[in-house]
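A.B. asks:
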Amino acid sequence: MSSPFDVFITGDDEVLDLLAQEWARQTSTLQLIASENFASPAVMAATGSVLTNKYSEGYPGRRYYGGNQVVDEIEDLARRRLIGLFGADHANVQPHSGANANVAVYQALLEPGDTVLAMRLDQGGHLTHGSPASMTSKAWNFVSYGVTPRNDDPAAPGEMIDFDNVRDMALTHRPRMIVAGATAYARRIDPAPFREIADEVGALLMFDSAHVAGLIAGGSHPNPVPYADVVTFTTHKTLRGPRGGAILCRSDHAKAIDMAVFPGQQGGPLEHAIAAKAVAFREAAQASFSTYTRQVVANASAFGDALAREGFRLVSGGSENHMVLLDLRDFDADLTGKVAQEVLDRAGITTNRNTIPDDPRSAFITSGLRVGTAAETTAGLREDEFATVASLMARALREREDAAKVERVREEVAELCALFDPYASFTK
Ligand SMILES: *Cc1c(COP(=O)(O)O)cnc(C)c1O
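Numbers 140 to 567, taken from this note's numbering, label the letters of the sequence shown in order.
#1: Look at the Cβ atom of G358, then the Cβ atom of A423, and state whether they are nearer than 8 angstroms.
#2: Mind checking E540: buried by the 16 CB within 10 Å criterion, or exposed?
#3: CB-CB under 7 angstroms to D586, same chain, minus the five flanking residues each way: which ones, in chain order?
#4: Tell me, please, which residues DSSP counts as bridged to F401.
#5: At what residues does the beta strand (DSSP E) containing T373 begin and finish?
#6: May I have the straight-line CA-CA distance separating P288 from V305, to the nearest angstrom?
#7: Can you check DSSP and say which residues form a bridge with C388?
#8: In the DSSP assignment, find the unbroken beta strand (DSSP E) run with N192 in it and report its ends.
#9: Tell me whether Q425 is buried or exposed, calling it buried when 16 or more other Cβ atoms sit within 10 Å of its Cβ.
#10: Using a Cβ distance threshold of 8 angstroms, determine whether the segment 429-440 contacts the segment 200-214, with at least three qualifying pairs required.
#11: Taking DSSP as the reference, what is the three-state secondary structure of L155?
#12: Would you say the beta carbon of N241 is closer than 7 angstroms to some non-hydrogen atom of ligand 1?
#13: What residues in its chain sit with their C-beta under 6 angstroms from that of R534, if we drop five residues either side in the sequence?
#14: Just checking H229 against ligand 1 - is the residue's beta carbon closer than 7 angstroms to any of the ligand's heavy atoms?
#15: What runs of the beta strand (DSSP E), each 3 residues or longer, lie entirely inside the segment 221-277?
#16: With three or more beta-carbon pairs closer than 8 angstroms as the criterion, would you say the segment 306-323 touches the segment 343-350?
#17: Could you check where the beta strand (DSSP E) with M532 kicks off and where it finishes?
#18: Is DSSP giving Q425 helix, strand or coil here?
#19: Can you tell me whether D261 sits near ligand 1, meaning its C-beta is under 7 angstroms from at least one heavy atom of the ligand?
#20: Let's see if you can read the secondary structure: which residues bound the beta strand (DSSP E) around F346?
#21: When DSSP builds the beta bridges, which residues end up paired with G507?
#22: If you measure from each CB to the nearest heavy atom of ligand 1 and keep those under 6 angstroms, what residues do you get, in chain order?
#23: Could you tell me the alpha carbon to alpha carbon distance between G150 and P381, rounded to whole angstroms?
#24: Are the Cβ atoms of V370 and L387 separated by less than 8 angstroms?
#25: DSSP beta-bridge partners for N280?
#26: Measuring CB to CB, does I172 end up less than 8 angstroms from G511?
#27: Which stretch, first to last residue, makes up the beta strand (DSSP E) that contains A319?
#28: Taking V97 as the reference, which of D291, N290, D292, P271 has the closest Cα?
#29: Taking Cβ positions, are A417 and L260 nearer each other than 8 angstroms?
#30: If we ignore side chains and look at the alpha-carbon of each, how far apart do A526 and S440 end up?
#31: Quick one: measure Cβ to Cβ for R500 and A479, integer angstroms, because I've assumed they're closer than 8 angstroms.
#32: Do K544 and I504 have their C-beta atoms within less than 8 angstroms of each other?
#33: Leaving out the 5 sequence neighbours to the left and right, which residues in its chain are closer than 8 angstroms to A419 when beta-carbon positions are compared?
#34: Apart from the five residues on each side of it in sequence, which residues of its chain come closer than 7 angstroms, Cβ to Cβ, to D145?
#35: Does the Cβ of G443 have 16 or more other Cβ atoms within 10 Å, making it buried, or fewer, making it exposed?
#36: Using only the alpha-carbon positions, how far apart do P496 and A309 sit?
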């Protein structure tokens, strides 16, 4: 079996064979990685277009190469559509990824050594929010806020962004910039209190909406654009476009942001990816995309409930977005995130291990697992199917020493996947 998109790769059996294997993997196993999705055939076609041939350093109307009349229109269209989707004065659609977008913003608006307040990595922040492993921590002075302590009272769940801590840290360190946004956080992130704290200490506010961009576009998460000086995006997570990044900002930052992306960070833009971003922005403006994002959130909530019934503890007690962060220790004190991810891989369920707040285990081993509903909701799974997936996950993990039982789960996963071809949903 091969994917319907490989028709032009004739005569290269090595690549064709690998693409066929990956197509089979994506369509016969469950994709629960919270940062993944199934981009539409239109997005993939644009990614595979002749625009990959074109050099277009610079911006529309100000290029360093000839022949960019059409490319200018494409990039302008992408910028207009992005602004139409979220608001904002100015858009930059050139960042090759979310990480590039973040670093470009820091470069644009900060001096080397400036203080930045962002979410701690082990509490849900991203590598580009000042992790010691990232160059961001060497170029700028990152200080961090975290989440409130664990609280098992469902009426007052803990492990939510601790705004008292954000404010205390801001008053103590007087950051030049505050970064809101997370990579492993299952709750809504309200931009308003971040703006208040930023104003109180005279800081800029950057909202990193990499994960929730699609939910914002679909009206299923508050839009940070009216609150933040700059909002960064990935286009391939819940937004369901090509792999890439984007930035929206106020007009007073536009020039600095554009200069930081090119020539500050990057060379020639990926205009094929920019065309695919334009396609995705149009798709995300449709009413059907709002319906999709509401289903993503409803599915994550139902998935979390079903996982809790199987004995997993939900970090922060629930989910308000597209992801669920699981603490595995209540399910099985000996089960690490690393082993859970490996067992689930054998069962045809693709997830990633993740640290949880105050994790006693290392970032390589972890006590947590992160799952998301964005991709499989695209494939058509609803609340009932996610409840089934929760029980399949629990079965595989309970029976992990018995290879035949794990294999039986894998067969049931494949039967479920056969009913929900992600690419059938686009042609219905
Ligand atoms: C995914 C993510 C990024 C980085 O995106 P890439 O495209 O992988 O570089 C940045 N910030 C947050 C919060 C993310 O979740």
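Ideal placement from N, C-alpha and C gives every residue a C-beta, glycine not left out.
C.D. replies: Looking at the coordinates:
#1: Using a Cβ distance threshold of 8 angstroms, G358 and A423 do not count as a contacting pair.
#2: Exposed, by the Cβ-count rule.
#3: Residue 586 cannot be examined here, being either before or after the span of the chain that is shown, 140 to 567.
#4: Looking at the DSSP assignment, F401 forms no beta bridge with any residue, so it has no partner.
#5: That run of the beta strand (DSSP E) goes 369-373.
#6: If you draw a straight line from the Cα of P288 to the Cα of V305, it comes to about 14 angstroms.
#7: According to DSSP, C388 bridges with H229, V369.
#8: Note, N192: premise wrong, no beta strand (DSSP E); not H, not E.
#9: By the beta-carbon neighbour count (other beta carbons within 10 angstroms, threshold 16), Q425 is exposed.
#10: Taking 8 angstroms as the limit for Cβ pairs, the verdict is that the segment 200-214 does not touch the segment 429-440.
#11: Shown here, L155 sits in a helix according to DSSP, grouped into three states.
#12: With a cutoff of 7 angstroms, N241 counts as near ligand 1, since its C-beta is closer than that to a heavy atom of the ligand.
#13: Residues V548 of the same chain have their beta carbon placed closer than 6 angstroms to that of R534, with the five preceding and five following residues left out of the count.
#14: No, the beta carbon of H229 sits no closer than 7 angstroms to any heavy atom of ligand 1.
#15: For the segment 221-277, the continuous beta strand (DSSP E) assignments of 3+ residues that do not extend past its boundaries occur at 229-231, 254-258, in sequence order.
#16: Proximity of the segment 306-323 to the segment 343-350 meets the contact definition, three or more beta-carbon pairs being nearer than 8 angstroms.
#17: Unbroken run through M532 is the alpha helix (DSSP H), 522-537; no beta strand (DSSP E).
#18: Annotated three-state conformation of Q425 is coil, per DSSP.
#19: Relative to ligand 1, even the nearest heavy atom lies 7 angstroms or more away from the CB of D261.
#20: In the DSSP assignment, F346 falls within the beta strand (DSSP E) that extends over 343-347.
#21: Answer by DSSP bridge pairing, in chain order: D466, N493.
#22: My final list is S174, S236, G237, A238, N241, H265, T267, G320, A321, T322, D347, A349, H350, T373, G384.
#23: Straight-line Cα distance between these residues: approximately 26 angstroms.
#24: Yes; because the gap between Cβ atoms is below 8 angstroms, this pair is in contact.
#25: In the DSSP assignment, N280 is bridged to T254.
#26: Cβ distance < 8 angstroms, so I172 and G511 count as in contact.
#27: For A319, the enclosing beta strand (DSSP E) covers residues 316-319.
#28: Because the chain spans 140 through 567 in this model, residue 97 falls outside it and cannot be assessed.
#29: At the C-beta level, A417 and L260 stay beyond 8 angstroms of one another.
#30: Here the alpha carbons of S440 and A526 stand approximately 10 angstroms from one another.
#31: 12 angstroms between Cβ atoms; not a contact.
#32: Between K544 and I504, the C-beta spacing is not below 8 angstroms.
#33: These residues qualify, in order along the chain: A178, S179, V182, T374, L378, R379, G380, P381.
#34: Same-chain partners within the cutoff: L155, L158.
#35: Its Cβ being crowded by 16 or more others within 10 Å, G443 is buried.
#36: P496 and A309 have their C-alpha atoms spaced approximately 21 angstroms apart.
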